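A.B. asks: Sharing a structure here in structure tokens format.
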Amino acid sequence: MERSDCMEKMVAAGIVAEYNPFHNGHAYQIETTRAAGATHIVAVLSGNFVQRGGPACAPKSVRANAAIACGADLVLELPLPYAMATAERFAAGAVGLLGALGCVDVISFGSECGDLALLAKAAEAICSPYCSDYTKNLLESGVTYARARQKAVEQLYGQQIAEVLSSPNNTLAVEYLRQIALQKLRIAPFTVTRGGARHDSGKADGKTASAALLRNLLDLEGIESIAPYVPAPALQIYRAAAAAGRMPFDSHSLNTAVLAHLRMMEKDAFSRLPDISSEGLDNRLHDAVRSSVSLDDLLARTKTKRYTLARIRRLVWHAFLGTDAALMRLPPPYIRVLAFNRRGMELLSAADQTASLPISHSLAKLEAHDDVCARFAQLEARAADLYALGLPGVLPCGSDYTQKISVHG
1 MERSDCMEKM VAAGIVAEYN PFHNGHAYQI ETTRAAGATH IVAVLSGNFV QRGGPACAPK
61 SVRANAAIAC GADLVLELPL PYAMATAERF AAGAVGLLGA LGCVDVISFG SECGDLALLA
121 KAAEAICSPY CSDYTKNLLE SGVTYARARQ KAVEQLYGQQ IAEVLSSPNN TLAVEYLRQI
181 ALQKLRIAPF TVTRGGARHD SGKADGKTAS AALLRNLLDL EGIESIAPYV PAPALQIYRA
241 AAAAGRMPFD SHSLNTAVLA HLRMMEKDAF SRLPDISSEG LDNRLHDAVR SSVSLDDLLA
301 RTKTKRYTLA RIRRLVWHAF LGTDAALMRL PPPYIRVLAF NRRGMELLSA ADQTASLPIS
361 HSLAKLEAHD DVCARFAQLE ARAADLYALG LPGVLPCGSD YTQKISVHG
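Here's what the structure looks like:
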């Protein structure tokens, strides 16, 4: 990997992550970023629900602690409306939080191609109004938005740039670059070439395994089955969490409750779901709910060439959690701290002078700041209450308000 000039003078690097769960590949990114010159690392972490649509394998507090134990200095929560959203929205919220902190110099991200210049060309291409118009025309053929956009880029800018958008980490990298430009942030990019097991691969590669494989192992065989693929400090935290009944989340525990909630929804409520659009997906989802006998059945009935499984899953879980579609159109209203160490405390001290949003570990304090903060905080608290029903040791309501901040040495 080439050393980036911007990294030589960098102080703080931001990493956007889910750590679902934290594994050796994540540790490598942190180590590589720090070796390239980062003195402080802040991770923006998805909360209890993640981008692919659905609950994380462990609570955000457990995953935040694992991140700090394995090299991060400060962990911030990516609010639910961005954490469980399209790649574009996910990147917009995460980059916005790093920008709002005011003391982040660099964003570090993984990519399959490892070529910043090529990623930048792809970001420039998708920002073009010509690409936007072309994409809209291609959507009429019934393909997904991602496929339509890739075809548009290929037609307008060539196969090499379009090929960048065929890989998931490249796509997120391009979205980060696009958001830096759109939000006019002075944050420099730094990419770590992704190696080892491929994204969502069902096979391990030495001591590297995809998060999807690790989640499957957790479901089927428990904590010890992932030991070869996660750093020792993370494994210790996972073992303690499992002993306390805090992980792993039972991926099937809420499925019947989700379907029950959807069955009780009025037809017009489907049209008000986040990211439902006006393409008839609301009617399709409503009709599928009436005839489905399980959540998996519902997803299979609703998915089409145009509507991806991830999009349907996000819609279903947003319906269950009661996410207000209006929140999806608002920028992050606050910066919530999940965990930090001594260097993280130094970052927070710097942010006291530079941040453009209120900062706190206390959800109650953030909720009291203004009406918008209250709406976001109440959604997070409700999501935590419902998520807690799927843990081995079920928690009572209000856990997101009472969760203690993790301060590491």
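In the UniProt record's numbering, the protein residues as written are 1 to 409. Think of the CB as a built atom: it goes at the ideal place given N, C-alpha and C, for glycine as much as any other residue. Model, not experiment: these values are computed from the prediction.
#1: Looking at the unbroken alpha helix (DSSP H) that takes in I187, where does it start and where does it end?
#2: My assumption, with CB atoms under 8 Å, is that G96 sits in contact with P331. Please give the rounded CB distance.
#3: By the three-class DSSP mapping on this structure, what secondary structure does S166 have?
#4: Contact between the region 156–163 and the region 115–134: three or more CB pairs below 8 Å?
#5: Using only the alpha-carbon positions, how far apart do Y387 and K136 sit?
#6: Assign I187 to one of two classes, buried (16 or more other C-beta atoms within 10 Å of its C-beta) or exposed (fewer than that).
#7: Do H286 and K303 have their C-beta atoms within less than 8 Å of each other?
#8: Can you give me the Cβ contacts of C373 inside the same chain, cut-off strictly under 8 Å, excluding the 5 residues immediately before and after it?
#9: What number of angstroms, rounded off, separates the C-alpha of E163 from the C-alpha of D370?
#10: Tell me which residue opens and which closes the beta strand (DSSP E) that I25 is part of.
#11: Hey, A234 and C57: beta-carbon distance below 8 Å or not?
#12: If you follow the alpha helix (DSSP H) that S132 is part of, which residue opens it and which one closes it?
#13: For F320, which residues does DSSP report across the bridge?
#14: According to DSSP, simplified to helix, strand and coil, what is V289?
#15: On the CB-based measure, 16 or more other CB atoms within 10 Å of its CB, does H40 come out buried or exposed?
#16: Compare the Cα-Cα distances from residue 411 to each of Q353, D352, L321, H361 and report the closest residue.
#17: When burial is assigned at 16 or more other CB atoms within 10 Å of the CB, is A242 buried or exposed?
#18: Once you ignore the five residues that flank residue 415 on each side, which residues in its own chain have a CB closer than 7 Å to its CB?
#19: To the nearest angstrom, how far is the alpha carbon of I405 from that of L363?
#20: Would you identify the three-state DSSP class for T144, choosing helix, strand or coil?
#21: For my contact list, V289 and F22 are in at a C-beta cut-off of 8 Å; report their separation, rounded to the angstrom.
#22: Pop quiz: I180 and A122 are said to be a contact at Cβ under 8 Å. What is the actual Cβ separation, rounded to whole angstroms?
#23: First and last residue of the alpha helix (DSSP H) that includes F376?
#24: Suppose only complete runs of 3+ residues qualify. What are the beta strand (DSSP E) ranges in the region 53–92, listed by chain order?
#25: Just reading off the beta strand (DSSP E) that residue 410 is part of, what are its end residues?
#26: What does the alpha-carbon distance come out to for the pair A384 and P79?
#27: I'd like to confirm the pairing. Which residues does DSSP put opposite S253 in its beta bridges?
#28: Residue 453: which of S210, N169, L101, R375 sits nearest, CA to CA?
#29: Would L101 and A377 be called neighbours here (beta carbons separated by less than 8 Å)?
C.D. replies: Well, looking at it:
#1: Position 187 of the sequence shown, counting from 1, holds the residue named residue 187. That residue, I187, is in no alpha helix (DSSP H); it is neither H nor E in DSSP.
#2: The residue labelled residue 96 in the question sits at position 96 within the sequence shown. The residue labelled residue 331 in the question sits at position 331 within the sequence shown. The distance from the Cβ of G96 to that of P331 is about 5 Å, consistent with a contact at the 8 Å cut-off.
#3: Position 166 of the sequence shown holds residue 166. Three-state result, S166: coil.
#4: The region 156–163 vs the region 115–134: in contact.
#5: The residue you call residue 387 lines up with position 387 of the sequence shown. The residue you call residue 136 lines up with position 136 of the sequence shown. In this structure, the alpha-carbon of Y387 lies about 37 Å from that of K136.
#6: As a first step, residue 187 must be located in the sequence shown, where it is residue number 187. By the neighbour-count criterion, in which 16 or more other beta carbons inside 10 Å mark a residue as buried, I187 falls on the buried side.
#7: Here residue 286 refers to the residue found at position 286 when the sequence shown is read from its first residue. Here residue 303 refers to the residue found at position 303 when the sequence shown is read from its first residue. Not a contact, by the Cβ cut-off of 8 Å.
#8: Here residue 373 is taken as the residue at index 373 of the sequence shown, counted from 1. Excluding its 5 nearest sequence neighbours in each direction, C373 has C-beta neighbours in its own chain below 8 Å: P333, Y334, P358, L366, E367, listed in chain order.
#9: Numbered from 1 along the sequence shown, position 163 holds the residue referred to as residue 163. Numbered from 1 along the sequence shown, position 370 holds the residue referred to as residue 370. Taking the straight line from one Cα to the other gives about 44 Å.
#10: Here residue 25 refers to the residue found at position 25 of the sequence shown. According to the sequence provided, residue 25 is Gly. The question's Ile does not apply to it. Not the beta strand (DSSP E): G25 falls in the alpha helix (DSSP H), residues 24–35.
#11: Here residue 234 is taken as the residue at index 234 of the sequence shown, counted from 1. Here residue 57 is taken as the residue at index 57 of the sequence shown, counted from 1. Against a cut-off of 8 Å, the Cβ pair of C57 and A234 comes out as no contact.
#12: Sequence index remark: in the sequence shown, residue 132 carries index 132 (1-based). Counted as a single uninterrupted DSSP element, the alpha helix (DSSP H) harbouring S132 occupies residues 129–139.
#13: Start at 1 with the first residue of the sequence shown, and residue 320 comes out as number 320. According to DSSP, which records beta bridges pairwise, F320 is partnered with nothing at all.
#14: The sequence position of residue 289 within the sequence shown is 289, counting from 1. Looking at V289 - three-state DSSP - the assignment turns out to be helix.
#15: By one-based count along the sequence shown, residue 40 stands at place 40. Looking at its Cβ environment, which holds 16 or more other Cβ atoms inside 10 Å, H40 is buried.
#16: As shown, the chain starts at 1 and ends at 409. That puts residue 411 outside it, with no answer to give.
#17: In the sequence shown, residue 242 corresponds to position 242, counting from 1. Burial call: buried.
#18: Nothing can be reported for residue 415, as the shown portion of the chain is limited to 1 through 409.
#19: Within the sequence shown, the letter at position 405 stands for residue 405. Within the sequence shown, the letter at position 363 stands for residue 363. Each residue's alpha carbon lies about 11 Å from the other.
#20: For the purposes of this step, residue 144 is identified with residue 144 of the sequence shown, where counting begins at 1. T144 falls in the coil class under three-state DSSP.
#21: As a working note, residue 289 is residue 289 in the sequence shown. As a working note, residue 22 is residue 22 in the sequence shown. Beta-carbon to beta-carbon, V289 and F22 are separated by about 35 Å, too far to satisfy the 8 Å threshold.
#22: Position 180 of the sequence shown, counting from 1, holds the residue named residue 180. Position 122 of the sequence shown, counting from 1, holds the residue named residue 122. Going by Cβ atoms, the distance from I180 to A122 rounds to 14 Å, so no, they are not a contact pair.
#23: As a working mapping, residue 376 is identified with position 376 in the sequence shown. From DSSP, the alpha helix (DSSP H) with F376 extends over 371–387.
#24: Runs found: 74–78.
#25: In the structure as shown, the chain begins at 1 and stops at 409. Residue 410 is therefore absent and cannot be evaluated.
#26: The sequence position of residue 384 within the sequence shown is 384, counting from 1. The sequence position of residue 79 within the sequence shown is 79, counting from 1. Distance between the alpha carbons of A384 and P79: 12 Å.
#27: For the purposes of this step, residue 253 is taken as residue 253 along the sequence shown, with counting starting at 1. Note: S253 sits in no beta bridge, so no partner.
#28: Shown here, the chain extends from 1 to 409; a query on residue 453 therefore has no answer.
#29: On the sequence shown, residue 101 is found 101 positions in, with the first residue counted as 1. On the sequence shown, residue 377 is found 377 positions in, with the first residue counted as 1. Not in contact: L101 and A377 (Cβ atoms no closer than 8 Å).
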